[in-house]
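Visitor: Going by the working numbering, the sequence shown opens with residue 8, and the numbers climb by one from there.
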Amino acid sequence: MSAPVTRLEQLLDERKVVICCGSGGVGKTTTSASIALAAALAGRRAVVCTIDPARRLANSLGLTELGNEVVEVAPERLRAAGVEPKGRLFALMLDTKGTFDRLIERYAKDEDKRRRILQNKFYQQMSSTVVGSSDYMAMEKLYELFEEGRFDLIVLDTPPTKHALDFLQAPKRMTDAFDENMLQVFLKPWAEAGMKSLGFLGRALGKLVTKVDELIGLKFVEDFADFFRAFEGMYEGFRARAGRVDALLREPFTSFVVVTSPQPLPLAEAGFFCDRLRELEMRLDAVVVNRVQPSAVEGDGPREDVRARLRAKGPHEVLREAEAAARAAGDVPALLGAALRAFVDQELHAAGDRLRIEGLAQGPGKGVLVREVPSFSRDVHDIDGLRRLVEELFPSVIEGGARVPQVTP
Ligand SMILES: Nc1ncnc2c1ncn2[C@@H]1O[C@H](COP(=O)(O)OP(=O)(O)OP(=O)(O)O)[C@@H](O)[C@H]1O
Ligand SMILES: [Mg+2]
Numbered sequence: 008m009s010a011p012v013t014r015l016e017q018l019l020d021e022r023k024v025v026i027c028c029g030s031g032g033v034g035k036t037t038t039s040a041s042i043a044l045a046a047a048l049a050g051r052r053a054v055v056c057t058i059d060p061a062r063r064l065a066n067s068l069g070l071t072e073l074g075n076e077v078v079e080v081a082p083e084r085l086r087a088a089g090v091e092p093k094g095r096l097f098a099l100m101l102d103t104k105g106t107f108d109r110l111i112e113r114y115a116k117d118e119d120k121r122r123r124i125l126q127n128k129f130y131q132q133m134s135s136t137v138v139g140s141s142d143y144m145a146m147e148k149l150y151e152l153f154e155e156g157r158f159d160l161i162v163l164d165t166p167p168t169k170h171a172l173d174f175l176q177a178p179k180r181m182t183d184a185f186d187e188n189m190l191q192v193f194l195k196p197w198a199e200a201g202m203k204s205l206g207f208l209g210r211a212l213g214k215l216v217t218k219v220d221e222l223i224g225l226k227f228v229e230d231f232a233d234f235f236r237a238f239e240g241m242y243e244g245f246r247a248r249a250g251r252v253d254a255l256l257r258e259p260f261t262s263f264v265v266v267t268s269p270q271p272l273p274l275a276e277a278g279f280f281c282d283r284l285r286e287l288e289m290r291l292d293a294v295v296v297n298r299v300q301p302s303a304v305e306g307d308g309p310r311e312d313v314r315a316r317l318r319a320k321g322p323h324e325v326l327r328e329a330e331a332a333a334r335a336a337g338d339v340p341a342l343l344g345a346a347l348r349a350f351v352d353q354e355l356h357a358a359g360d361r362l363r364i365e366g367l368a369q370g371p372g373k374g375v376l377v378r379e380v381p382s383f384s385r386d387v388h389d390i391d392g393l394r395r396l397v398e399e400l401f402p403s404v405i406e407g408g409a410r411v412p413q414v415t416p
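1. So Arg418 is in the beta strand (DSSP E); what residue range does that whole segment cover?
2. Tell me the residue span of the beta strand (DSSP E) that contains Ala98.
3. Would Ser39 and Val24 be called neighbours here (beta carbons separated by less than 9 Å)?
4. Spell out a yes or no on whether the stretch 34-52 and the stretch 83-102 are touching, meaning 3 or more CB-CB pairs, one atom from each, closer than 8 Å.
5. Indicate, with yes or no, if ligand 1 has a heavy atom lying under 8 Å from the CB of Ser67.
6. For Asp389, verify whether its CB is less than 8 Å away from any heavy atom of ligand 2.
7. Taking only runs that begin and end inside the stretch 35-89, name each unbroken beta strand (DSSP E) of 3 or more residues, in chain order.
8. At a threshold of 8 Å, does Asp59 count as lining ligand 2 (C-beta to nearest heavy atom)?
9. Sort out for me which residues DSSP pairs Cys28 with in a bridge.
10. At the level of alpha carbons, what is the spacing between Arg334 and Gln300?
11. Going by other Cβ atoms of all chains shown within 10 Å of its Cβ, with 16 needed for buried, is Gly156 buried or exposed?
12. Does DSSP classify Arg378 as helix, strand or coil?
13. In its own chain, which residues sit with a C-beta less than 7 Å from the C-beta of Asp233, not counting the 5 before and 5 after it?
14. Grouping DSSP H, G and I as helix and E and B as strand, with all else coil, what is Leu256?
15. I'd like to know whether the C-beta atoms of Leu272 and Val375 end up nearer to each other than 9 Å.
16. Can you give me the start and stop residues for the beta strand (DSSP E) that Val397 sits inside?
17. Looking at Asp164: is its Cβ nearer than 9 Å to the Cβ of Cys56?
18. Are the Cβ atoms of Leu85 and Pro92 separated by less than 9 Å?
19. By how many angstroms is the C-alpha of Phe238 removed from the C-alpha of Thr13?
20. Give the straight-line distance between the Cα atoms of Thr267 and Val33, rounded to the nearest whole angstrom.
21. Is the Cβ-Cβ distance between Ile405 and Val296 less than 9 Å?
22. Could you spell out where the beta strand (DSSP E) holding Ile161 opens and where it closes?
23. Does any heavy atom of ligand 1 sit closer than 8 Å to the C-beta of Thr106?
24. Return the residue from the list Phe231, Leu70, Arg62, Ala247 that minimises the CA-CA distance to Pro178.
25. Within 8 Å: the Cβ of Thr36 and any heavy atom of ligand 2?
26. With C-beta atoms as the reference, is Asp142 less than 9 Å away from Phe174?
27. Please classify Pro259 as buried or exposed, where buried requires at least 16 neighbouring CB atoms within 10 angstroms.
28. Between the stretch 386-396 and the stretch 60-74, do three or more beta carbon pairs fall short of 8 Å?
29. Taking the alpha-carbon positions, what's the Ala81 to Glu229 distance?
30. Spatial neighbours of Gly370 within its chain, please: CB distance less than 8 Å, with the 5 preceding and 5 following residues excluded, ordered by chain position.
31. Whose C-beta lies closer than 6 Å to the C-beta of Asn75 among residues of the same chain, with five residues either side of it excluded?
32. Within its chain, find whatever has a CB closer than 6 Å to the CB of Ala357; leave out the 5 residues flanking it on each side and keep chain order.
33. State buried or exposed for Gly392, treating a residue as buried only when at least 16 other CB atoms are found within 10 Å of its CB.
34. Along the alpha helix (DSSP H) that carries Arg122, what are the first and last residues, could you check?
35. Starting from Phe383, follow the alpha helix (DSSP H) in both directions and report where the run begins and ends.
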């Protein structure tokens, strides 16, 4: 496997698939969209497959409720946000059930079987509510997009799962499920209480069993049996495809970007993620630490003399001195005191972030590019916000001519 990238810009040129994964709420969707935007600005045909994007972000990309359809983000929208695309940007919103339906359509032996499965109540329940099906279907969609061959770069956002690590195992769970005796896999949960070890489909049923009272009527058993009759002959197709999806995740041109926030729990999970990707021999290219609290001491903050004092004495000491000086002058404006305290809080917070990020970079993230994005004062809900993320992550793309020239009146 070739070396990981040393600049994030390399992702745009050297990879065909980028998968953004990480814990819930850390910025996976916004990071994925920014990577695709950066690629489009740099001249590539890029598509981002988003999962459950915030409505405002979806609207600003031109995505509608319908989902599953690739739409082009109009170049005018990008220009309006101050950037000039040299390539093209496309986006879609994953529709888990729609993707599952397409798989059934692809592998059903005949029209009658296809209809019987799609209309089957058991199938409908399973395809839309099952734990883990969105994990697998995200990958399935990725594979579909890859097979189409229309894009230079496909960026995949990943579902907001509690256990982000499970995501990586989704194709394996799918192949395992189809390797075993299907009926046994499906029926075991009824027979045994210990259903945890049954893999993807077993766990799926575990979820359904919680609704057992409403579901276990005779009609359900009939639906259930009919589903299996109609599904017969499709196992091999499903299993083989899941194998190909898994292989795509291991291609040298497929790259994982772990997204995290600097808080202790997401950072710890990001560390596990890095380790797990290595174990699974998947290519980890970068860790993006999003929403980092910038430090006034380290960055472009106060005047150099103030920064030097802060560096030399630390924020607590500078605060004490400032308060003492103000008291000596017989005048401690409350606002100044509060502002100083807020400042010290911010510095402590920033110092904590810094320590933890260092820990990740020297630990599980060693040898991998670690990039930080500051916490903006506003949410990232439109192309303008994505552009700001691109400026942080891919500065050379913006400097390299993607900025719309400012017209001077
Ligand atoms: N650097 C940033 N500064 C400020 N707000 C941000 C930043 N990055 C992301 N956000 C905001 O944080 C929220 C969560 O981001 P996002 O939806 O991308 O996370 P996610 O990891 O996809 O979440 P989920 O796991 O729920 O899918 C959004 O409201 C987004 O606008
Ligand atoms: Mg998301």
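Glycine included, C-beta positions come from ideal geometry on N, C-alpha and C. Since we're looking at a predicted model, the values are computed, not measured.
Guide: Let's see:
1. Absent from the model: residue 418. The displayed extent of the chain is 8 to 416, so no value can be given.
2. 95-100
3. no
4. yes
5. no
6. no
7. 52-57
8. yes
9. Val265
10. 31 Å
11. exposed
12. strand
13. Arg123, Asn127
14. helix
15. no
16. Run containing Val397: none in the beta strand (DSSP E); it sits in the alpha helix (DSSP H), 390-400.
17. yes
18. yes
19. 47 Å
20. 5 Å
21. no
22. 160-163
23. no
24. Ala247
25. yes
26. yes
27. exposed
28. yes
29. 49 Å
30. Gly278
31. Asp102, Gly105
32. Gln300, Ser302
33. buried
34. 118-126
35. Careful: Phe383 lies outside any alpha helix (DSSP H) and carries neither H nor E.
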